[in-house]
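Those protein sequences? They're chains A and B, same order as listed.
17 is the number of the first residue of the first sequence in my numbering; add one for each residue after it.
867 is the number of the first residue of the second sequence in my numbering; add one for each residue after it.
What follows is a single structure, written as structure tokens, with notes after it.
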Amino acid sequence: MRPPRRRRLLLQPKAVAASHPAAVSLSDPFVLDIADMLEDSVSSFSSSSSSVLQTLRDASSHSLLSQRWPTHKDEPYRFTDTSFLKSSKILPAVPPSTISPSFSSPSSNLITFVDGHFMPSLSSLSSLPAGAFAGSAADITPGPLYDTVMASAGDAFHHGDLFWNLNGLGAPDLTVIYIPDGERMIDEPLRLRFYSAAASETGLGRLPLSNPRVLVVSGKLAELAIVEEHLEAESCEGNGCYWSNSVVEILVEEGGKVSHSYVQMQSRNAAHIKWTFVRQEKCSTYELVEISTGGKLSRHNLHVQQLGPDTTTELSAFHVAQSDQIQDLHSRLVLEHPRGYSRQLHKCIVSSSSGHAIFDGNIKVNRFAQQTDAGQLTRTLLLAPRATANIKPNLQIIADDVKCSHGAAISDLEEDQLFYFQARGIDVKTARDALVFSFGVEILARIPFEPYRKSVSDRVKELLTAS
Amino acid sequence: MACLCFPSTTPLPRFPSLSPRVSITKIFPSSISLFGPSRFRSHGVDLRSQATAATLTVDYRTPGEETLDTGPPRILLEVRDLSAIVAESRQEILRGVNLIINEGEVHAIMGKNGSGKSTFAKVLVGHPDYEVTGGTVSFKGEDLLNMEPEMRSHAGVFMSFQSPVEIPGVSNMDFLLMACNARREKRGEPALSPIEFFGFLSPKLVAVNMNPKFLDRNVNEGFSGGEKKRNEILQLAVLEAELAILDEIDSGLDVDALQDVAKAVNGLLTPHKSLLMITHYQRLLDYIKPSYVHIMEAGAIVRTGSFSLAKQLEKEGYRSVSVA
């Protein structure tokens, strides 16, 4: 049954072989099986055969042919063990036909995805500013926005890996959000909620795979706040098995500002693999606050590309790896124009001997990026014997007039701090809990919305205290 | 103005306070020392020779405070032959320290750098860097050395740190509330809510001359030297400890800040609270008057005297008081 389908994917084997000489020999049966399965599954969504989506799928399947499943011999996966995925039976996620009322939310500017599908009935878009757009790429009328979306779908993103392309091939739709020039959407942020509802029980070795894909375009001088949450449906009771493979692209146009909060609290039996690809036009600002505590395997690939001078980029991440969890951030900031300013702070807690934290933070300062001011700091707390962290800060600097700094620290809790608590009558357990939580406060405090900051902080506190 | 003098055979009455109202005037050879030999328990010291030199007069007392308690003073802290080493290097620091502090007394330990003063303070509160190798310490009759650091705090021992550590991510308010409620829980009292706690805290903030804004800041983070020390005293005020050990509370402070801190400490002293100050300088003792001054050398208290010993030290250096 399978060979004919595979042939469909290898539509133009000769052309591929010409452009990627090694492509055919590298074709990986495991990857092709997933690709086949995705191709079958998306063809069943008849409504979504727009030309944009077709372009995206063609480009993705084309790239997939030259990609094999990563191993520890591939530098980006040197420390990240993906065997959990490899050993699972991967199936397309089919969203439940009836939607549980627990999904409903009174929040405005809400866009809900269930298993990768945009759910208009669970979204609230009436409060979007005039001229804004939120919906399927298929519904965009020809014009500048269409051109932007089309370009981003068709242009191969050279840093995109296997998972980027699997998403491109398997995304049921491309959801586009456009905020017009000069618009301010700060107090009522744009909420992107990704739910995984199609989950398998533990122990069956089956992983329903979903591929949500979103493109956010923030117009010139616009200010936009985004709250992006990856959660699991309550019906899964916190331990469903699934694989969420998402892509969020953000384009910040000239002089604009995007403040992005990304919170990942998926099931401890799930795989969460995510790409965030940000492009910044000149004089724009992008701020990311990332809180990641969920997933058995959680990998965030963050790529920020500078498209013009005088950009500001602030990246903060707080990860918690507890028992049998991998928390991985691979970030890359590419500066190619003068006077970029960037700060990155990565903090991670590994609280169990089977917990594993990975950070690969690359900052590339190319030849024309003079007077760049880039700073990076990573701090990891290892709280258990044999807890593991692989930390790889790396700066590649070609320009000669730049200010760049980086630092890395890995430690247990400070004895002096613990003793200070004890000396004031506070027992060790309470002191440890307070100190462990306080480690993340620096990042949590950067979530810009008070009620939301508090609710996320409370959940993190609960998680850390329970362990 | 009453000049109170007590015969040496009479135990010291509960002093209303050893705050600035108690002042050292001048030596009255004819007046009788406050320090009866029976109360002077530091070992290896000729107490009588000190007695005449140490004369305290109280120049003012309010009538309400004249509740003369003629019972024997209650021993608060009793240290016998305490020896301790650095846990990591096994280096011996304390070599048989003896000290007795009664309820309501103010003591000062002076000594050269490296004589073991700060180690002594840290050992008393159970700092993990040190290991006790001999001797006993009892506090209110209980074995202090057997207690975890937090138990010692609950028992009523407080040490102000020489350089308090910064704790980013924990607000001063949360820290104080945690400390306060840990103590209340231990005493079987209900925990205070943040609002109740603020009511309890407000007068204490005033007493240590601290802006309430400090409560929102992280513990000691970015505090100046003076702010850190005042914060320590604020913690002391919240915990209402019976024995406060102030480890170089004067270090790194200018005169104004020192006066602030000293005023706050004096404000906390009651007839039932005792103080052990560790310092290099007489200056601090000008503001907080000690009843006893001890000299520490090579890990032991080698001399004990009155305030005049501190003066002698200031004038002539440690050589003049050294036993070696």
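The beta carbon of each residue, even a glycine, is placed where N, CA and C say it ideally should be.
Local Cβ density within 10 Å of residue i, reported as buried at 16 or more and exposed below that
{"i": "A/Ser82", "result": "buried"}
{"i": "B/Ala1057", "result": "exposed"}
{"i": "B/Ser1026", "result": "buried"}
{"i": "B/Val911", "result": "For B/Val911, the pLDDT reaches just 41, beneath the cut-off of 50, and the residue's location in the model is therefore unreliable, although a value from the coordinates is still provided. Per the 10 Å Cβ criterion, buried."}
{"i": "A/Lys30", "result": "Unreliable placement is indicated for A/Lys30, whose pLDDT of 37 sits below 50; the coordinate value is still reported in the next sentence. Looking at its Cβ environment, which holds fewer than 16 other Cβ atoms inside 10 Å, A/Lys30 is exposed."}
{"i": "A/Asp90", "result": "exposed"}
{"i": "B/Lys1181", "result": "exposed"}
{"i": "B/Gln1125", "result": "exposed"}
{"i": "B/Gly1091", "result": "exposed"}
{"i": "B/Thr933", "result": "Its pLDDT being 46, under 50, B/Thr933 is placed unreliably by the model, and the measurement read from it follows with that caveat. Result: exposed."}
{"i": "A/Phe46", "result": "exposed"}
{"i": "A/Leu460", "result": "buried"}
{"i": "A/Ile463", "result": "buried"}
{"i": "B/Val952", "result": "exposed"}
{"i": "A/Asn183", "result": "buried"}
{"i": "B/Pro1030", "result": "buried"}
{"i": "A/Ala482", "result": "exposed"}
{"i": "B/Ala1166", "result": "buried"}
{"i": "B/Asp1122", "result": "exposed"}
{"i": "A/Val381", "result": "buried"}
{"i": "B/Pro1078", "result": "exposed"}
{"i": "A/Ile414", "result": "exposed"}
{"i": "B/Arg1185", "result": "exposed"}
{"i": "A/Arg383", "result": "exposed"}
{"i": "B/Phe1024", "result": "buried"}
{"i": "A/Lys363", "result": "buried"}
Supposed close pair residue i, residue j - CB separation, criterion 8 angstroms
{"i": "A/Val274", "j": "A/Tyr302", "result": "5 angstroms"}
{"i": "A/Asn125", "j": "A/Glu204", "result": "5 angstroms"}
{"i": "A/Gln392", "j": "A/Glu352", "result": "Actually they are not in contact, since the Cβ atoms of A/Gln392 and A/Glu352 sit about 18 angstroms apart, beyond 8 angstroms."}
{"i": "B/Asn1084", "j": "B/Gly1035", "result": "6 angstroms"}
{"i": "A/Leu331", "j": "A/Gln360", "result": "4 angstroms"}
{"i": "A/Val366", "j": "A/Ala337", "result": "5 angstroms"}
{"i": "B/Leu1109", "j": "B/Leu1142", "result": "7 angstroms"}
{"i": "A/Met53", "j": "A/Pro108", "result": "6 angstroms"}
{"i": "A/Val268", "j": "A/Val294", "result": "7 angstroms"}
{"i": "A/Trp85", "j": "A/Asp49", "result": "Incorrect: roughly 10 angstroms between the Cβ atoms, too far for contact."}
{"i": "A/Glu248", "j": "A/Gln282", "result": "5 angstroms"}
{"i": "A/Ile127", "j": "A/Ala148", "result": "Incorrect: roughly 12 angstroms between the Cβ atoms, too far for contact."}
{"i": "A/Gly356", "j": "A/Thr394", "result": "Actually they are not in contact, since the Cβ atoms of A/Gly356 and A/Thr394 sit about 20 angstroms apart, beyond 8 angstroms."}
{"i": "A/Arg348", "j": "A/Gly310", "result": "The Cβ separation is near 23 angstroms, so there is no contact."}
{"i": "A/Leu185", "j": "A/Glu270", "result": "No, A/Leu185 and A/Glu270 are not in contact; Cβ-Cβ is about 32 angstroms, not under 8 angstroms."}
Reference residue i; option with closest CA among the options
{"i": "B/Arg1018", "options": "B/Ile1099, B/Ala987 and B/Met1162", "result": "B/Ala987"}
{"i": "B/Ile967", "options": "B/Thr1170, B/Ala1164, B/Arg1185 and B/Pro1069", "result": "B/Thr1170"}
{"i": "B/Leu942", "options": "B/Ile951, B/Leu965, B/Glu954 and B/Ala1123", "result": "B/Leu965"}
{"i": "A/Tyr436", "options": "B/Gly962, B/Ser981, B/Pro1015 and B/Ile975", "result": "B/Pro1015"}
{"i": "A/Asp155", "options": "A/Val68, A/Trp259, A/His174 and A/Leu237", "result": "A/Val68"}
{"i": "A/His133", "options": "A/Asn261, A/Val243, A/Leu48 and A/Gln387", "result": "A/Asn261"}
{"i": "B/Asp1120", "options": "B/Ile1144, B/Lys1095, B/Leu1135 and B/Pro1069", "result": "B/Lys1095"}
{"i": "A/Pro145", "options": "A/Ala75, A/Gly371, A/Asp197 and A/Ser66", "result": "A/Asp197"}
{"i": "A/Thr446", "options": "B/Met1013, B/Gly1000 and B/Asp1040", "result": "B/Asp1040"}
{"i": "A/Arg315", "options": "A/Gly324, A/Arg448, A/Phe100 and A/Gln296", "result": "A/Phe100"}
{"i": "A/Ala287", "options": "A/Tyr258, A/Asp56, A/Gln280 and A/Arg229", "result": "A/Tyr258"}
{"i": "A/Ser143", "options": "A/Ser123, A/Leu161, A/Thr87 and A/Thr394", "result": "A/Ser123"}
{"i": "B/Pro938", "options": "B/Ala950, B/Leu948 and B/Gly970", "result": "B/Gly970"}
{"i": "B/Phe1089", "options": "B/Gly1118, B/Glu1008 and B/Leu1112", "result": "B/Gly1118"}
{"i": "A/Pro325", "options": "A/His422, A/Phe453, A/Ser358 and A/Leu247", "result": "A/Ser358"}
{"i": "B/Tyr996", "options": "B/Arg956, B/Thr1136 and B/Leu1151", "result": "B/Arg956"}
{"i": "A/Val192", "options": "A/His175, A/Asp163 and A/Ala405", "result": "A/Asp163"}
{"i": "A/Leu178", "options": "A/Gly377, A/Ser427, A/Lys290 and A/Tyr468", "result": "A/Lys290"}
Item checked: Residues in the segment 1033-1059 of chain B having any Cβ partner in chain D nearer than 8 angstroms -> Within the model displayed, chain D is absent; protein chains A and B are what it includes.
Check: Is the segment 204-217 of chain A in contact with the segment 67-85 of chain A, if contact means three or more CB pairs nearer than 8 angstroms?
Finding: Output reads no: the segment 67-85 of chain A does not touch the segment 204-217 of chain A.
Margin query: Any contact between the segment 441-449 of chain A and the segment 1041-1061 of chain B? By contact I mean 3 or more CB pairs, one from each, below 8 angstroms.
Written below: In this structure the segment 441-449 of chain A lies against the segment 1041-1061 of chain B, because at least three pairs of beta carbons, one per stretch, are closer than 8 angstroms.
Notebook entry, point to check: Do three or more CB pairs link the segment 159-170 of chain A to the segment 213-227 of chain A at distances below 8 angstroms?
Noted result: These segments do not touch.
Next item on the list: Would you be able to state if there are at least three C-beta pairs under 8 angstroms between the segment 1155-1162 of chain B and the segment 989-997 of chain B?
Entry: By the Cβ rule, the segment 989-997 of chain B does not count as touching the segment 1155-1162 of chain B, because fewer than three pairs are nearer than 8 angstroms.
Check: If we count Cβ pairs, one from each stretch, closer than 8 angstroms, do we get three or more for the segment 1139-1153 of chain B versus the segment 1050-1064 of chain B?
Finding: The segment 1139-1153 of chain B is not in contact with the segment 1050-1064 of chain B.
Check: Does the count of Cβ pairs from the segment 1066-1076 of chain B and the segment 405-414 of chain A closer than 8 angstroms reach three?
Finding: No, because fewer than three Cβ pairs between the segment 1066-1076 of chain B and the segment 405-414 of chain A fall closer than 8 angstroms, the two stretches do not touch.
Checklist line | Ranges of the beta strand (DSSP E) found wholly within the segment 971-1015 of chain B, counting only runs of at least 3 | finding: DSSP runs (the beta strand (DSSP E)) wholly in the segment 971-1015 of chain B: 972-977 and 996-1005.
Next item on the list: Taking only runs that begin and end inside the segment 1050-1097 of chain B, name each unbroken beta strand (DSSP E) of 3 or more residues, in chain order.
Entry: Runs found: none.
Notebook entry, point to check: Which runs of the beta strand (DSSP E) spanning at least 3 residues fall entirely within the segment 183-229 of chain A, listed in chain order?
Noted result: Within the segment 183-229 of chain A, the complete beta strand (DSSP E) runs of at least 3 residues fall at 191-195, 200-212 and 222-226.
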